[in-house]
Amino acid sequence: MNFDLTEEQELLQKTAREFGEEHLAPGVIERDDKGEMPKEQIKMMAELGFLGMMIPEEWNGAGMDAVSYVLAMEEISRADASAGVIMSVNNSLVCQIFMDWGNDFQREKYLKKLALGEWLGAFSLSEPQSGSDASNMRTHAEKDGDDYVLNGTKNWVTNGISSDVVIIFAVTTKGIGYKGVSAFIVEKGLPGFSIGKKEDKLGIRGSDTCELYFDECKVPAENLIGKEGDGFRIAMKTLNGGRIGIASQALGIAQASLDKSIEYAKERKQFGKPIGSFGAIQSKLANMAINVEASRLLILKAAKLKDEHKPYAKEAAMAKQFASQTAVDASRECVQIYGGYGYMQEYGVERLMRDAKITQIYEGTSEIQELVIARAIMEGK
Ligand code: CAA
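Just so we're aligned, residue 2 is where the sequence shown starts under our numbering, counting upward by one.
Take a look at the structure:
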């Protein structure tokens with residue numbers, strides 16, 4: 002497989018890097034502290050086309066490929082992983098659903114605004130009793146004339162507060178497991194749809210997460226995505242792409258940890274020498290670099306397979322499992338290299354350690370990625 006980037010991909014990578022360094026890195030500690038992402042940052046990402054990257058231009062997207070998307074995701078997350086997840090959810094979980102499963106009416110009404118970044122989207126699958134066991138959901142939708150009536154509770158919804166529209170998964174036929182799940186487009190402001198409090202989180206504090214409540218909420222039947230019963234397959238196939246995005250977010254955090262570690266290892270002196278001249282520190286830097294590079298190759302492989310319309314579920318799971326472990330390890334080692342300073346907020350490395358952890362949890366835990374990989378290899382895929 003050829004991993005050379007095209008001129009356009011290199012330019013895009015440079016643009017995303019410069020944008021991250023100039024507009025996201027300054028203020029990242031404050032945003033993390035306050036737990037907010039000002040609209041200004043989202044607007045700038047939208048203007049660069051970063052909110053609908055893989056959507057064709059006719060639907061207001063940037064018309065780029067998955068490789069470009071992972072390059073941009075890495076750079077954005079390297080500067081601010083909260084901005085990274087906002088971007089990832091809108092691109093790979095929301096816009097992509099409209100592109101792959103929506104009809105032209107739904108694309109015209111919703112995708113055009115979402116791909117431009119005029120609107121922000123959220124994807125809501127999990128519930129209090131169903132995280133990894135995603136099809137075990139209780140939220141249900143009953144057909145009533147030209148509407149579906151939704152009842153239930155969803156949780157851990159990224160962009161849940163700031164989004165304008167949410168993709169909701171609900172049971173339309175009980176007792177038949179995942180085959181009874183359907184997907185709906187739900188606009189904010191519908192009667193019976195309310196939003197829970199903003200969750201106080203360990204990391205990615207600049208992105209909002211909340212519960213969503215449906216109490217006799219009428220959703221027009223035209224907002225059903227695909228057919229009744231398609232919902233679980235829609236969720237799973239979409240999450241394969243999402244997992245490449247989260248792997249790239251993890252890679253951005255790991256690369257930031259490595260960058261900061263190299264910088265500090267050269268500058269910090271102990272025993273009369275830069276700490277980077279000691280074998281113990283060199284070993285940490287070398288291992289970080291190996292794992293960062295391996296993560297990048299796994300991610301590029303999955304993205305290239307996606308671009309070539311070949312199966313990539315196993316490769317996406319491998320990329321996410323490995324890159325998220327790399328982010329957790331590299332950020333922890335980065336704090337260790339900084340020592341006492343690393344533990345202090347103002348050095349900006351303890352945030353990396355807090356941000357890294359979620360990449361092993363959302364869009365399928367590492368254990369679920371391993372299950373996906375093991376099932377695939379046992380089936381000879
Ligand atoms: N790709 C495509 N199809 C898949 C798939 C995948 N990765 N995984 C499962 N499927 C399909 C199966 O082929 C099957 O469909 P068919 O009958 O048509 O073949 C159907 O889905 C059911 O699959 P299983 O029988 O394997 O279902 P299961 O219940 O045993 O296991 C699971 C499924 C893999 C554990 C799944 O529940 C899963 O991935 N869980 C993790 C959920 C998750 O990732 N949640 C993330 C929440 S969203 C989020 O985090 C967003 C955010 O905020 C950032």
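Idealized CB from N, CA, C, for every residue including glycine.
Should the region 278 to 296 be called in touch with the region 53 to 65, which here means at least 3 C-beta pairs below 8 angstroms? no
Below 8 angstroms CB to CB, which residues in the same chain sit around Pro39 once its five sequence neighbours on both sides are set aside? Arg32
Just to confirm my understanding: we take Gly232, look at its own chain, exclude 5 residues before and 5 after, and list those with CB closer than 7 angstroms. What are they? Phe170, Val182, Ser183, Ala184
Are the region 348 to 364 and the region 324 to 335 in contact at 8 angstroms, needing three or more beta carbon pairs? yes
Are the beta-carbon atoms of Leu112 and Val167 separated by less than 8 angstroms? no
Going along the chain, which residues of its own chain have a beta-carbon closer than 8 angstroms to the beta-carbon of Thr159, five neighbours each way excluded? Val86, Ile87, Val90, Ala123, Phe124, Ser208, Asp209, Thr210, Tyr363
If you compare alpha carbons, which of Glu294, Lys307, Gly365, Arg108 is closest to Ile186? Arg108
Reducing DSSP to helix, strand and coil, say where Gln130 ends up. coil
Take the Cβ of Leu225 as the centre, count every other Cβ of all protein chains shown within 10 Å, and call the residue buried at 16 or more, exposed below. buried
Sequence-distant residues of its chain with Cβ nearer than 7 angstroms to Ile162 (five each side left out): Ile196, Lys199, Asp209, Cys211
Helix, strand or coil at Asp216 according to DSSP, with G and I counted as helix: strand
Could you tell me which of Ser93, Gly227, Ala17, Thr173 sits nearest to Phe106, measuring between CA atoms? Gly227
Can we count Met138 as close to the ligand CAA, meaning its CB is less than 7 angstroms from some heavy atom? no
Option nearest Gly243 by Cα separation, candidates Gln370, Ile338, Ala257, Lys261: Gln370
In or out: Thr7 buried (at least 16 other Cβ within 10 Å) or exposed? exposed
Beta-carbon proximity list for Ser69, same chain, < 6 angstroms, skipping 5 on both sides: Gln10, Leu13
So, for Lys305: in the same chain, excluding its five sequence neighbours on each side, which residues have a beta-carbon less than 7 angstroms away from its beta-carbon? Met2, Val68
Going by C-alpha to C-alpha distance, which of Gly153, Asp308, Asp145, Ala17 sits closest to Gln130? Gly153
Nearer than 7 angstroms: is that true of the beta carbon of Glu364 relative to any heavy atom of the ligand CAA? yes
Taking Asp216 as the reference, give the member of Glu229, Arg206, Leu191 with the closest Cα. Leu191
Answer yes or no: do Leu121 and Asp165 have a C-beta to C-beta separation smaller than 8 angstroms? yes
Under 7 angstroms: does the beta carbon of Ile378 sit that close to some heavy atom of the ligand CAA? no
With hydrogens ignored, establish whether the beta-carbon of Met237 is closer than 7 angstroms to any heavy atom of the ligand CAA. yes
Is any heavy atom of the ligand CAA found at a distance shorter than 7 angstroms from the C-beta of Asn241? yes
Taking only the alpha-carbon atoms, compute the straight-line gap between Met54 and Cys96 and give it to the nearest angstrom. 9 angstroms
8 angstroms contact criterion, which Leu299 and Phe323 should meet: CB distance rounded: 6 angstroms
Residue range of the alpha helix (DSSP H) that includes Ile98: 97 to 102
Given 7 angstroms as the limit, tell me if Ile185 has its C-beta closer than that to any heavy atom belonging to the ligand CAA. Checking the sequence shown, residue 185 turns out to be Phe, not Ile. Outside the cutoff, so no.
Verify the contact flag: Tyr179, CB atom, against every heavy atom of the ligand CAA, threshold strictly below 7 angstroms. yes
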